[in-house]
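Residue numbers (the working numbering): 813 to 1144.
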Amino acid sequence: MTSKRVLSGIQPTSNSFHLGNYLGALKQWVELQEGHDAFYCIVDLHALTGEIEPKLLRERTLASAAQLIAIGISPEKSTLFVQSHVPQHNQLGWVMECIAGFGEASRMVQFKDKSSKAGADSARVGLFTYPMLQAADILLYQAHFVPVGEDQRQHIELTRDLATRFNTKFGETFRVPEGRILKAGAKIYDLQDPTSKMSKSSESNTGVLEIMDAPEVNIKKIKSAATDAGREVIFDEKEKPGISNLLTIHSSLSGRSITEIENEFAGKGYGDFKAEVAEVVVEYLRPIRDHALELLKDEAHLLTLLHRGGEKAQKTAASTLDMTYKNLGLVQ
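Set out below in structure tokens:
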């Protein structure tokens, strides 16, 4: 039986993924490549909807690739590639723009949220149309399912609607993908504001544990993490959000149960507990960071891996686009 195809992508908007990215999604990407035909894409074209610094975009794209490989995405088991290396994304993106209605594009929550902050007049057209490019990203590879966070559910529904509409009007062309909301992984919160999720858009970086940060930086962040009243190391998200977050981080990386960790620190204070959390985090991330840095030292090898993945992705994408153009009546 042929394994089902899974596709997911991530924007290169930072020099480092953070622990929330890893535990919330990327760790599951690694698991999904076992038993699935996995396509993982660094969606650099989507990153153009924000502020563009060419040198930084290039650095971040390579850093993203290095980290994905370092966490366990295998270029042999999966197709790992850069979106802009496969021109069919833009080509099918235009087709999707011509199939989508202005009204349904206007209802995309993320566009409304992002454009409301700066004002609709200053929002870029690409920010408005990127859900159609995202639909093309998915449909090009005839993916069975797309692992996404809850915030992307609306975009998956749009993709399904566009695929169904195209198939109904022009003949069976696209597999209608299933949106698979990622199983509830560990929710990791900001170390300084443990009621908000860890995010690269946080006002301060002091509450974000970055994979590529030097060990001493993450140790300092953990030892400076906001704590709660009292000194008991117990899991209570309402009364002790700071300690509960640190317990979740420890448990997620050490594989030990929260109850076991609570028992170990019964009668001990926050200082001892933070010191152990720091050690667990640093030792877990150390081999990932070291591997990523090694990959970045040999840029030519890293680019070879990405170009190889891009060539493989392009074969599948070209087949889908050829069928799309034929069914639309475009002369080939």
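Glycine residues also receive a C-beta, built at the ideal position from the N, C-alpha and C atoms.
By a beta-carbon distance limit of 8 Å, Gly836 contacts Ile1000. Their separation comes to about 7 Å. The beta carbons of Val958 and Arg992 sit about 7 Å from each other, so the pair counts as a contact at 8 Å.
A distance below 6 Å between beta-carbons, with the five flanking residues on each side excluded, links Gly884 to the following residues of its chain, in chain order: Val842. The distance from the Cβ of Gln879 to that of Ile1023 is about 6 Å, consistent with a contact at the 8 Å cut-off.
Ile1073 counts as buried, since at least 16 other C-beta atoms from the protein chains shown sit within 10 angstroms of its C-beta.
A direct Cα-to-Cα measurement between Gly821 and Ala955 gives close to 12 Å. In the DSSP assignment, Tyr852 falls within the beta strand (DSSP E) that extends over 849-854. Note that the region 859-876 does not touch the region 1085-1098; fewer than 3 beta-carbon pairs, one per stretch, sit closer than 8 Å. By DSSP's assignment, Thr891 forms a beta bridge with Phe851. Distance check between Ala1129 and each of Met920, Arg1120, Asp949 places Asp949 closest, using alpha-carbon atoms only.
Of the residues assessed, Ala1112 falls on the exposed side of the cut-off, its CB having fewer than 16 other CB atoms within 10 angstroms.
Under the three-state reduction of DSSP output, Asp1040 falls in the coil class, being neither helix nor strand. Using a 10 angstroms sphere on the CB of Ala1041, the tally of other CB atoms stays under 16, which defines it as exposed.
Scanning its chain for C-beta atoms nearer than 7 Å, with the 5 sequence neighbours on each side dropped, one finds around Thr861 the residues Arg936, Gly938, Leu939, Tyr942, in chain order. DSSP lists Phe957 as the bridge partner or partners of Glu990. Under the three-pair Cβ rule at 8 Å, the region 1025-1037 does not count as touching the region 970-984. For Arg817, the enclosing beta strand (DSSP E) starts and ends at 817-822. By the C-beta density criterion, Asn833 is buried, having at least 16 other C-beta atoms within 10 angstroms. Close CB contacts of Lys1124 within its chain, under the 6 Å cut and outside five residues either way in sequence, are with Thr891 (chain order). Phe914 has its alpha-carbon roughly 27 Å from the corresponding atom of Ile854.
Judged by DSSP in its simplified three-state form, Glu846 adopts coil rather than helix or strand. Per DSSP, Tyr1082 has no beta bridge partner at all. A straight-line Cα-Cα distance of about 11 Å links Glu1076 and Ile1046. Secondary structure at Asp973: helix, using DSSP grouped into helix, strand and coil. Each of Lys1009, Gly1019, Leu951 was checked against the Cα of Phe986, and the nearest Cα belongs to Leu951.
Inter-residue distance for Lys1009 and Gly1141 is about 48 Å (C-alpha atoms, whole angstroms).
Around the beta carbon of Asn1030, a 10 Å sphere encloses 16 or more other beta carbons of the protein chains shown; the residue is thus reported as buried. In the three-state DSSP reduction, Lys867 falls in the helix class (H, G or I). Of the other Cβ atoms in all chains shown, 16 or more fall within 10 Å of the Cβ of Ile1034; this residue is therefore buried.
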